[in-house]
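FYI, in the numbering used here the residues of the sequence shown are 28 to 477. Notes follow the structure.
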Amino acid sequence: MTLPEKFIENMQTRLGEALPDFQKALDTVPPVSIRFNPAKSTQKTVLEIEETIPWSENGRYLKSRPVFTLDPAFHAGAYYVQEASSMFLEHVFKQVVHRKGPIKVLDLCAAPGGKTTLLASLLGKDDFLVANEVVKNRLGILKENLSKWGFNNLIISNQDPETFSDLEGFFDVVLVDAPCSGEGMFRKDLNARNEWSEAHVQMCSARQRRILSAAAMLVAPNGVLIYSTCTFNEHENHDNVKWLNRTLDFETLKIETPDEWNIEEKENGFQFFPHRNKGEGFFIATMKNLSREARFVKGKPDFNRLKREQRALLEAWIKPEVFSELEFYYKNDGNIIAMRTALLGQYGSVLRALSKRSSGFEIGIFKGKDFVPSHAFALSDMVSGSIKRLELEEKEALKFLKKENFDFEEGENGWLLVTYGNLGLGWIKKIGDRMNNYLPTEWRIRMEVE
Ligand code: SAM
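Quick look at the structure:
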């Protein structure tokens with residue numbers, strides 16, 4: 028599929044003599060890359076690593092593209108498949124976020140969750156993350172990816188950025204990974220070439236300014252706004268950063284980058300090109316809030332606390348060092364949510380300010396005296412070592428992930444945490460000679476497995 032003429036003209040002005048190299052690079056096979064989950068290391072994986080991605084500690088280029096769906100480690104959240112340039116967010120984050128204590132982070136355009144999982148890996152146990160996605164039908168994949176990643180100090184919301192105004196100045200870091208004209212995806216996604224037009228670029232640029240204006244309000248005094256796109260277009264990138272700095276009183280932050288990475292650095296941000304960097308087109312800029320004040324609502328979660336008897340029953344399920352740092356509440360539908368005690372204020376503010384959002388980390392529900400653990404709980408690192416586990420080999424793991432039954436040695440009745448490479452995959456319950464597979468139906472592998 029040919030490139031739009033006007034696009035080539037723009038790139039000619041931009042790249043000059045390098046244009047043929049750029050065009051040639053767009054016809055090559057895109058590199059395949061993944062990022063390991065530092066919270067979930069495992070020996071069992073089918074990945075053939077080629078080399079480390081210089082700007083991301085856990086990022087790796089692969090020698091070839093496996094069928095990720097058929098790797099149980101992928102379903103356990105051992106890694107995320109992510110385009111390499113976008114992992115530069117990590118390098119930027121490490122340089123501009125200067126911690127004096129726990130931080131609050133917002134990913135305003137989050138689905139499917141690539142950058143959210145990267146942010147989560149950069150956060151500690153008392154940091155707090157909100158992942159927002161305005162498009163409802165993209166929420167399912169966001170939830171799935173974040174559950175697999177296992178970071179639980181998290182609220183997922185489904186709101187327009189303009190409806191966050193009760194959280195003015197609340198977040199230390201706000202990421203706007205904006206919807207854009209997608210020029211940087213012209214190699215990976217040929218359809219993106221079809222959708223491109225100057226009018227679309229103008230529409231994207233105007234939408235980005237709306238999102239940026241809303242995002243800017245949410246940044247704490249001296250906090251950081253990170254803006255990224257997967258386009259080369261100056262109207263969407265540099266022009267928007269300049270506009271933001273000028274009109275909303277932000278200042279672009281300096282970032283040091285080794286010359287050998289060969290990333291284009293301009294006054295207001297970094298640009299990746301496929302003929303210079305091993306990855307797709309990507310732009311990123313970081314700005315500091317120079318003036319705005321914090322005026323967010325405060326509050327505590329107003330759910331009912333878990334009854335004492337049920338809390339006692341729950342104790343057996345959760346690692347003791349984690350259990351002692353958690354509060355438990357009932358949601359209206361009876362599901363139990365767990366929140367770190369140290370973060371109740373953060374949860375309170377966000378739960379009050381946003382109406383379309385999750386309530387926190389759901390760990391399960393009581394049915395009479397029986398606790399039915401949630402799938403997200405299986406994927407977290409909270410499950411107590413005293414809960415029985417069933418380590419599966421690849422063939423059985425894939426059966427489990429297809430939501431089919433499989434043979435295993437007879438044992439006592441009850442719940443078993445199914446694992447692969449010692450990472451939680453989900454729950455089964457053995458009742459007599461029957462086995463119930465608790466994998467959520469919508470998550471099951473639909474592909475044929477040999
Ligand atoms: N950050 C994601 C990742 O790394 O996986 C990719 C985000 S994608 C580039 C941009 C997201 O912005 C899309 O999920 C899209 O649905 C969302 N979006 C579209 N219109 C929006 C708007 N007006 N405000 C906020 N987000 C919007």
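Glycine included, every Cβ here is placed at the ideal spot set by N, Cα and C. All figures in this text were calculated on a predicted structure; none of them were measured in a lab.
Contact set for residue i: own chain, Cβ-Cβ below 6 Å, skip 5 residues either direction
i, result
"L425", "V476"
"A241", "P188 and E189"
"Q337", "F393"
Given residue i as reference, the closest of the options once Cα atoms are compared
i, options, result
"I183", "D193, F63, E171 and S192", "E171"
"C231", "A247, G250 and F259", "F259"
"V119", "G177, G296, L46 and A247", "G296"
"I238", "G128, L417, L202 and V251", "L202"
"M474", "G451, E431 and H265", "E431"
"T284", "Q298, L271 and R273", "Q298"
"F155", "L181, P248 and H227", "L181"
"L169", "K142, D193 and R41", "K142"
"T368", "F388, R379 and N359", "F388"
"I455", "Y465, P301, L378 and F300", "Y465"
"I363", "D266, L333, W270 and K346", "L333"
"A137", "L245, A158 and L428", "A158"
"P31", "A226, R379, L370 and P99", "A226"
"S148", "M244, L245 and A105", "A105"
"F323", "A247, L146 and G395", "A247"
"V349", "K152, G140, E84 and L428", "K152"
"L378", "G395, D329 and E354", "D329"
"S382", "E117, A365, L194 and D460", "L194"
Outcome for residue i when other beta-carbon atoms lying within 10 angstroms are tallied against a minimum of 16
i, result
"F339", "For clarity, residue 339 is Ala in the given sequence; the question names Phe instead. It counts as exposed."
"H125", "exposed"
"G438", "exposed"
"L12", "Because the chain spans 28 through 477 in this model, residue 12 falls outside it and cannot be assessed."
"E110", "buried"
"Q373", "buried"
"R273", "exposed"
"V161", "buried"
"T468", "exposed"
"K452", "Looking at the sequence shown, residue 452 is not Lys but Leu. Buried: at least 16 other Cβ atoms inside 10 Å."
"T72", "buried"
"N221", "exposed"
"E36", "exposed"
"D199", "buried"
"D134", "buried"
"S376", "buried"
Inter-residue Cα distance where the pair is residue i and residue j
i, j, result
"T279", "K315", "6 Å"
"M38", "R92", "30 Å"
"R384", "N185", "6 Å"
"I392", "P400", "7 Å"
"Q122", "T313", "10 Å"
"E44", "A52", "14 Å"
"G196", "S386", "21 Å"
"R335", "D397", "15 Å"
"S208", "F277", "24 Å"
"D204", "M462", "43 Å"
"I61", "H265", "28 Å"
"N304", "K293", "16 Å"
"I414", "L444", "7 Å"
"D360", "S68", "34 Å"
"L245", "Q235", "16 Å"
"A343", "E263", "52 Å"
"K175", "T446", "13 Å"
"L97", "Y107", "14 Å"
"F213", "I290", "19 Å"
"E84", "G306", "16 Å"
"L74", "G448", "14 Å"
"D434", "G177", "28 Å"
"S112", "G326", "39 Å"
"E287", "T79", "15 Å"
"Y254", "F191", "18 Å"
"S407", "N179", "8 Å"
"Q229", "G167", "30 Å"
Chain-order list of residues whose beta-carbon lies under 8 Å from that of residue i (same chain, five-residue window excluded)
i, result
"E210", "F34, A219, W223, C257, T258, F259, N260 and G308"
"E77", "R87, Y88, L89 and K90"
"N331", "Y356 and Y357"
"F49", "M38, L42, F300, P301 and H302"
"G412", "K346"
Sequence-distant residues of its chain with Cβ nearer than 7 Å to residue i (five each side left out)
i, result
"F404", "I390, G391 and V410"
"E320", "G196 and P248"
"E421", "P99"
"R416", "L443, L444 and T446"
"M114", "R62, I80, W82, S83, G86 and L145"
Checklist entry - Of all the alpha helix (DSSP H) runs that stay within the bounds of the segment 75-122, which reach a length of 4 or more residues? => result You should have 99-102.
Next on the checklist: Ignoring anything shorter than 4 residues, give me the alpha helix (DSSP H) runs that lie fully in the segment 239-324, in order along the chain.
Outcome noted: With a minimum length of 4 residues, the continuous alpha helix (DSSP H) runs that stay inside the segment 239-324 are 265-275.
Checklist entry - Which runs of the alpha helix (DSSP H) fall wholly inside the segment 140-209 and span at least 4 residues, in chain order? => result 141-148 and 166-176
Item to check | Closer than 7 Å to ligand 3: residues, by C-beta to nearest heavy atom, in chain order | outcome: Because ligand 3 does not appear in the structure shown, any question about it cannot be addressed here, the ligands present being ligand 1.
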